[in-house]
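Mapping of the sequence shown onto mature numbering (1 follows the signal peptide of the UniProt record, and there is no 0): residues -23 to -1, 1 to 113, in sequence order.
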Amino acid sequence: LITIVYLVFTIFMMVAPLTNSEALQPDLFDNPRTTIKIQNNNDYHLGVRCKSRDDDMGFKILKKGEIYIWSFHANFWGTTLYFCKFSHGKIDKGTFTIFQAGRATAQCYNCTWIAEADGLHGFMPEPPILLFKWSK
């Protein structure tokens, strides 16, 4: 019986991608691309360094109005986590979790964060709300 179930499942997994049926969606292995945007709305240059366990996005300096964008696919296990450290010159503004699989709502495949005078606003397009206050 287990062999028959395995055989049926294997055939289904081979044939399903060949069909155009919307009834078969969402694909079990479909992993949507997530895009993160960080916009600096401050009058000063904002230093940003974002990382995950596997990727270091490097240090960026955002002038007023500049946007830092990157995209990724969350891993299969749902453990993807990105955090960013923010600074103004030598002043540490804080380190915040920008994306955490499982915590993020299903709609957050296009997450926008806006750096304002009081902190980081986001993460959905409308309306942005203060989610992280600057430490200094």
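Ideal placement from N, C-alpha and C gives every residue a C-beta, glycine not left out.
No experiment lies behind these values; they were computed from the predicted model shown.
The C-beta separation of Gly96 from Lys110 comes to about 4 Å, placing the pair in contact by the 8 Å criterion. Here Phe53 is not bridged, per DSSP, to any residue. For Trp47, the three-state secondary structure derived from DSSP is strand.
Contact between the stretch 65 to 73 and the stretch 33 to 47 is absent, with fewer than three C-beta pairs closer than 8 Å.
With fewer than 16 other CB atoms across the displayed protein chains lying within 10 angstroms of its CB, Thr74 is exposed. Collapsing the DSSP output to three states places Asp33 in a strand. When the alpha-carbon of Lys28 is set against those of Ser48, Leu107, Ile106 and Asn19, the nearest one is in Ser48.
The beta carbon of Val25 is closer than 7 Å to those of Ile15, Lys37, Leu39, Tyr45, Cys61 and Phe63 in its chain, skipping five residues each way along the sequence. Contact check for Leu58 and Gln77: beta-carbon distance about 5 Å, within the 8 Å limit, so the pair qualifies.
Going by beta carbons, Thr89 and Gly99 fall inside the 8 Å limit.
A Cβ-Cβ distance of about 28 Å is found for the pair Asn8 and Ala92, leaving them out of contact under the 8 Å criterion. Counting only the Cα atoms, Asp33 lies some 18 Å from Leu23.
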